[in-house]
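In the numbering used here, the protein residues as written are 66 to 220.
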């Protein structure tokens, strides 16, 4: 944090540059990333339409290791501004593999997109929330109770 965002130091009672960090002690089953896709210009919010490359796999550093996560869903806003548009979800079952194609969930319509990633969306289709599931390739047994309960609810 620097410039206008400097930290107020209790010890010296002045503003000073600082680094903010978070340490994660235990890897969660699901990792949810929220992207701030708006900015304020002259007090008015506007949508940021810059392209975002969504990584299919990410590594979360822990104290003494890294844990791999795989993308399984994203909430996307379709529209040119914050005042208009429509939200849809792209997703695959959280227990599927990365090369499984994504489905598009658009109100009551669900269709297979044939795509295995989200990086070819146009500029007005902006991801806001990205969902990752911890990879269990290392022999760890995933808790699939949520997935099983969800399957029971939709029957």
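Note that beta-carbon positions come from the ideal geometry of N, C-alpha and C, so glycine has one too.
- Around the beta carbon of residue 138, 16 or more other beta carbons sit within 10 angstroms, so the residue counts as buried.
- With fewer than 16 other Cβ atoms inside 10 Å of its own Cβ, residue 73 counts as exposed.
- Shown here, residue 122 sits in a strand according to DSSP, grouped into three states.
- With fewer than 16 other Cβ atoms inside 10 Å of its own Cβ, residue 113 counts as exposed.
- With respect to the 9 Å criterion, residue 196 and residue 89 are not classified as neighbours on the basis of their beta carbons.
- Separation of residue 95 and residue 148 (C-alpha to C-alpha, rounded to the nearest whole angstrom) is 31 Å.
- For residue 110, the uninterrupted beta strand (DSSP E) segment begins and ends at 109–112.
- Straight through space, the alpha carbons of residue 122 and residue 129 are spaced by roughly 19 Å.
- By the criterion of a C-beta distance shorter than 7 Å, residue 189 is surrounded in its chain by 114, 143, 144 and 145, once the five residues flanking it on both sides are discounted.
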